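Residue numbers for the sequence shown follow the working numbering, so the first one is 6 and each next one is one higher. Ideal Cβ positions, reconstructed from N, Cα and C, are used throughout, including at glycine. On a predicted model such as this, the values are computed, not experimentally measured, just so you know. One structure is given below, encoded as structure tokens.
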Amino acid sequence: MVESPAKAKTISKYLGRTYTVVASKGHIRDLPKSRMGIDIPDDFKPDYISIRGKGDTIKMLKAEAKKAKEVFLASDPDREGEAIAWHVSHVLNLDVNDKNRVTFNEITKETVKDALKHPRTIDMNLVDAQQARRIIDRLVGYSISPILWKKVKKGLSAGRVQSVALWIIIKREREIQAFNPEEYWTIDSIFKKGRSKFKASFYGVDGKKFPLGNNDDVQNVLKRLDAKADFEITDVKKREKKRQPPRPFTTSTLQQDANKKLHFKTGRTMMAAQQLYEGINIGKEGSQGLITYMRTDSTRISAGAKLEAAQFIHDEYGPEYALNHPRKLKLPEGAQDAHEAVRPTSVMRTPKQIEKYLTKDQFKLYNLIWSRFVASQMTPAIVDTETIKVVQNGVEYRANGSKLNFEGYLKAYSAGKKKDNILPDLEIGDHITLDNNVPNQHFTQPPARYTEASLIKALEENGVGRPSTYAPTLMTIQKRYYVKLDARRFVPTELGEIVNKLIEEYFPEIVNVDFTADIEGKLDDIEEAKLRWVKLVSEFYQPFSKEVSYAEKEMEDVQIKEPLAGFNCNICGSPMVEKMGKYGKFFACSRFPDCRNTQTIVKEIGVICPKCHEGQVIERKTKKNRLFYGCSRYPDCDFVTWDKPIGRDCPKCGHFLVNKKVRGGWQVICPEGDYEENAIK
């Protein structure tokens, strides 16, 4: 028994006809949706029921188990997978002491067959850790959410991890709003030696660093310079620096890198990773799991994988790129180290070799994982650096140069490459001339809003959540419209601010980062048999229940002001207001539910429809929130385009022109021909 049909299909081909491989399709039992489902007085005993819609799956599992000589439970190798195995064993009436649990970190023929030779009993410590998390999260969600429904509006929710994520975003927004920019200046100058020119920046005066706070400081510095005198090189330092390769991916760093480099949302990353892990048909080799398990916080690599990587690097790039001895890496603090890092199951399967078998997303992600892993097993890059001090009348400038001397791991992982900045050949005592002085005014900038990548990094650094929780957490706070993405950065909504303020006031521990991280640590203790799950839940619930009782009595009703649309309902004449729905904002009658009139919010772009020449081109969004453009006369006119029309026709063919996003800016092009105009940044 495995979790997914795709994995079942892959493993079935490895094991042959003597095995039947079936999928539970995730959990088959869970807490009921319609009620709390926890008997609090009876040591928080959970009331598990069969999940609605899983009846046929349970019947199939029972039927196949009856026919089988042995049953092996091979759900994913983590807490959630262990809990699924436990629930299946309960449904099938298997003895919990039977050695029927098998796990594998990668889905390859050798690994799967070897796992079946070493079955073990279900690890109840893992199950208990999962149960404790599930029960605490249920207590939080099913206690706070009804209060928010009653006091604010229906459809709201609160969660142990999602509330902290929202608080982190709002805390950053408060920092931005409270930020006061401060003025500062720089002086960037061009110096000459013969025909060679190089750039140096002002450093300080009389051997000390001197910050330039305003234009007066700049002018005082420039007054010390003698326009007719040369500058002298007073110091030249040359060093050789080693740039160490990055570690192989954990779940968190994979999500961060995929977001930064591929612009993948976290859910998109995990979907593609799941597919690569479960198996892809790659021609003659058949269905193969291409990466190791993608939910991990470890950077550990098996000895076999290191050996294979060393051989590949030696043959592909040369002996100077291969490590003489395997690199020892210290695990991140708090890492469970239950699995290896995310890596290819075989480094010999290069991205180019299997590209034709993969979707675009699968290929991009596999290429990222493969390159990162190969780089992690390569020698460091060597960079020659040079720092030069340029002085006249006590005014000091500094120039920094660098040159890549040996590529090392950058041969495989070019994302970190930097251009050389080579300075002219200069020695102490050389005299040079000033070609140009350029003072520049600047202002300090507020901290940046969080992207998906930086928010995941912040959650991980604070010990909030675990690899499996990041994607659903980010999805939930967007789905509830507590935050929205603007230019790929999180911005809290008014609703998010209201919900966060109430939770901060009435449930301060829920948004306390240290408190949430402490719970994560105690869940790890349960997994390691250092703590009983009932004790943890009890210690959490006793103070929490008092907060719930207080909030139910004291929290006042919150009226969310719905902005007026600026026009009246065409049915009853009442003012229309702007509301938030599942797929975004829309207009609705203020007399709802007495009047149920609604209208879509449309934004005209000032261009006449190029198809019917009557309607206006308006912005629309798909259910997945992707922007496209259509005619306001739809369905009478079915004009649609992904790219924004600009209201001009192509001078070559007469087709309408569009503004298309290109790397670094926008470009006017003809969708049907080869006409294009210069890109605008």
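Short Cβ contact (8 Å threshold) for residue i with residue j
i	j	result
I175	E514	no
S168	P429	no
C516	E509	Here residue 516 turns out to be Val, not Cys, going by the sequence shown. Contact flag set, yes.
I565	L500	yes
V27	I16	no
L78	M6	yes
A476	M299	no
T191	H436	no
L415	Q382	no
V504	D48	no
A417	S376	yes
R229	N398	yes
T239	T301	no
V210	T521	no
Option nearest residue i by Cα separation, candidates the options
i	options	result
T304	E457, K156, W538 and P253	P253
S194	Y208, P548, E187 and P186	Y208
T258	E544, I461 and G652	I461
Q182	K628, L144 and Q450	Q450
K289	S39, H330 and R354	R354
E457	T364, K270 and T603	K270
E432	K394, L415, D562 and C577	K394
S39	K198, D47, G146 and G652	G146
R125	W154, V542, V76 and A134	V76
D440	L267, Y487, D235 and P640	D235
T603	N575, G652 and Q135	N575
G413	A593, W154, K155 and P250	P250
L409	K424, D599 and Q280	K424
P640	K616, K649 and R244	K616
V595	S579, K369 and I285	Residue 595 is actually Ser in this sequence, not Val. Nearest of S579, K369 and I285 to S595, Cα basis: S579.
Alpha-carbon spacing of residue i relative to residue j, whole angstroms
i	j	result
V241	T498	53 Å
I608	S459	Going by the sequence as given, residue 608 is Lys instead of Ile. Distance between the alpha carbons of K608 and S459 is about 32 Å.
N372	D119	28 Å
Y53	H92	9 Å
S206	G406	12 Å
A314	I674	45 Å
Y634	Q672	17 Å
D44	R601	41 Å
G339	E360	The pLDDT assigned to G339 is 47, lower than 50, so where the model puts this residue is not dependable, and the model offers no usable value.
V663	G611	13 Å
M65	G31	14 Å
N98	E69	13 Å
V226	N220	10 Å
F572	R625	21 Å
M585	F591	6 Å
G291	V667	38 Å
E465	L536	23 Å
E115	A386	35 Å
V223	K233	19 Å
A346	I318	19 Å
beta-carbon residue i near the ligand NAP non-hydrogen atom, thresh 7 Å
i	result
D366	Ligands are entirely absent from the displayed structure, and the ligand NAP is therefore not among its contents.
Contacting residues, own chain, Cβ-Cβ under 7 Å from residue i (five flanking each side not counted)
i	result
S55	I33, R34 and I63
D366	R273 and A277
R485	L161 and S162
L131	R84, E87 and E532
S419	none
L632	E624 and K626
K18	G291 and S292
R348	P253, I296, T297, I306, A310, I374 and F378
Residues near residue i in its chain [Cβ-Cβ closer than 8 Å; skip 5 each side]
i	result
C614	G620, Q621, V622, C636, S637, R638, C642 and F644
Y455	I173, I174, R177, A463, R494 and F495
E8	A28, S29, K30, G31, S80, D81, G86 and I89
Q483	K489 and L490
K72	T25
F545	I141, L144 and I524
E677	C655, C658 and H660
Chain D within 8 Å of residue i, Cβ atoms only
i	result
H436	Included in the structure is just one protein chain, with no chain D present.
Other residues of its chain near residue i: CB distance less than 6 Å, five sequence neighbours each side excluded
i	result
F512	E552
V157	V563
N426	G406 and S407
K12	E283
R653	L662
Q. Touching or not, the stretch 171–187 and the stretch 524–532, by the rule of three or more beta carbon pairs under 8 Å?
A. They do not touch, by the three-pair rule.
Q) If we count Cβ pairs, one from each stretch, closer than 8 Å, do we get three or more for the stretch 210–222 versus the stretch 260–274? A) no
Q. Contact between the stretch 106–122 and the stretch 150–169: three or more CB pairs below 8 Å?
A. No, the stretch 106–122 is not in contact with the stretch 150–169.
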